[in-house]
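Here is the structure we will look at, set down as structure tokens.
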Amino acid sequence: MNLFDASNDSGKLQIGPASWWLRGFALEQEMKMLEALQQLLAESPLRQMMTPGGQKMSVRTTSCGQLGWVSDRKGYRYEDRDPVSGRPWPAMPDVFSSLAATAADTAGFAAFEADACLINQYHPGAKMGLHQDKDEHDFSQPIVSVSLGLPATFLFGGLRRSDKALRMELRHGDVVVWGGDDRLRYHGVLPIMAGRHPALGNQRINLTFRKAG
Ligand code: MD3
Ligand code: FE
653 MNLFDASNDS GKLQIGPASW WLRGFALEQE MKMLEALQQL LAESPLRQMM TPGGQKMSVR
713 TTSCGQLGWV SDRKGYRYED RDPVSGRPWP AMPDVFSSLA ATAADTAGFA AFEADACLIN
773 QYHPGAKMGL HQDKDEHDFS QPIVSVSLGL PATFLFGGLR RSDKALRMEL RHGDVVVWGG
833 DDRLRYHGVL PIMAGRHPAL GNQRINLTFR KAG
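Residue numbers (our numbering): 653 to 865.
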């Protein structure tokens, strides 16, 4: 299956036993989301984290909500404070939590309450290698991701690193909900191509909502 063929601009597409691609799902709340994003980035700016192996990530990262994802020489984990400011992460804006809950509900996961929202910023050339999300406690909880700005080729792999990955082009406003048997699938993002988005310029922003604690 080549998910690039999924060229319709809206609608629900099932991409795994418990995963759904909701095209354009965030567009209705776009302006509210971007305004909230701008405010929280002023409180907890994006920064390049260091991998445990000592490499700077190409993606810039920050968080909002009760818990934020951090990476440094000591490893990957969730923390209740921004290590740069020493203060709690900015509160999760209502428009974020309600979008995440509505998307999860649409995909069959009722009453999803995210306690962490990871914000990834990609400039052209930035990428994310194939990995599993394993830093959360409860893998029965889904993950909701919202794509904004420049498009990305997303790799949706299997339960083993060597499994062939599906490619999907995630565009501004797309939301994907991953859960159940798909929760530990490998995934990644190919290097972002140069371009200009009308609202966000030369960047892609991804919001990832999780129940981490
Ligand atoms: C598929 N970020 O931060 S989440 C990450 O575009 C990350 O920045 C992606 O992967 C990005 O860890 C978007 C997509 C995602 C998250 C969890 C998954 C896809 C998943 C779990 C299982 C399968
Ligand atoms: Fe991930």
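We put the CB at the ideal spot given by N, CA and C, even for glycine.
Close beta carbons around residue i, own chain, < 8 Å, minus the five adjacent residues each side
i, result
"F736", "Rather than Phe, the amino acid found at residue 736 in this sequence is Val. Excluding positions up to five away in sequence, the list reads S696, P697, R699."
"G840", "K779, M780, G781, L782, H783, F806, L807, G809, A817"
"M653", "The pLDDT assigned to M653 is 45, lower than 50, so where the model puts this residue is not dependable, and the model offers no usable value."
"T758", "K664, W672, L674, F677, V829"
"G727", "P704"
"G833", "Position check: residue 833 holds Asp in this sequence, whereas Gly was assumed. Around D833: G668, P669, A670."
"Y730", "L719, G720, W721, V722, A768, D787, E788, A864, G865"
"R812", "Y838"
Alpha-carbon to alpha-carbon, residue j and residue i
i, j, result
"V796", "L674", "10 Å"
"K708", "M701", "6 Å"
"G777", "G853", "15 Å"
"A763", "D826", "21 Å"
"L915", "K786", "Outside the shown range of the chain, which is 653 to 865, sits residue 915, and nothing can be said about it."
"T860", "A756", "12 Å"
"Q666", "R848", "29 Å"
"Q690", "E680", "18 Å"
"D732", "L692", "16 Å"
"S662", "E682", "15 Å"
"C716", "D815", "33 Å"
"R712", "E687", "19 Å"
"G919", "N858", "Any property of residue 919 remains undetermined from this structure, which presents the chain solely from 653 to 865."
"A851", "H824", "10 Å"
"S792", "L836", "10 Å"
Other residues of its chain near residue i: CB distance less than 6 Å, five sequence neighbours each side excluded
i, result
"G831", "A670, F761, P794"
"D657", "Only weak support exists for where D657 lies, its pLDDT of 47 falling under 50; the coordinates are left without a value."
"D734", "S696, W741"
"R856", "Y774, G801, L802, A804, I844"
"D724", "M702"
"A753", "F764"
"K684", "V747"
"A846", "P776"
"M744", "C716, G717, C769"
"T714", "S696, L698, I771"
Same chain only: Cβ atoms within 7 Å of residue i, ignoring 5 sequence neighbours per side
i, result
"G790", "Just to set this straight, residue 790 is Asp in the shown sequence, not Gly. So the qualifying residues of the chain are K863."
heavy atom of the ligand NAP below 7 Å from residue i C-beta
i, result
"W741", "With respect to small molecules bound, the structure shown includes the ligand MD3 and the ligand FE and not the ligand NAP."
- Message: Below 8 Å, how does it come out for the stretch 760-773 and the stretch 742-749: are there three or more Cβ pairs, yes or no?
- Response: Between the stretch 760-773 and the stretch 742-749 there are three or more inter-stretch CB-CB distances shorter than 8 Å, so the stretches are counted as touching.
- Neighbouring residues (CB closer than 6 Å to any heavy atom of the ligand FE): H783, D785, H839
- Which full runs of the beta strand (DSSP E) of 3+ residues lie inside the stretch 790-856, going along the chain? List check, beta strand (DSSP E) in window: 795-801, 804-808, 818-822, 827-830, 839-841.
- Counting only runs of 4+ residues fully inside the stretch 685-772, write out the alpha helix (DSSP H) ranges in chain order. 746-758
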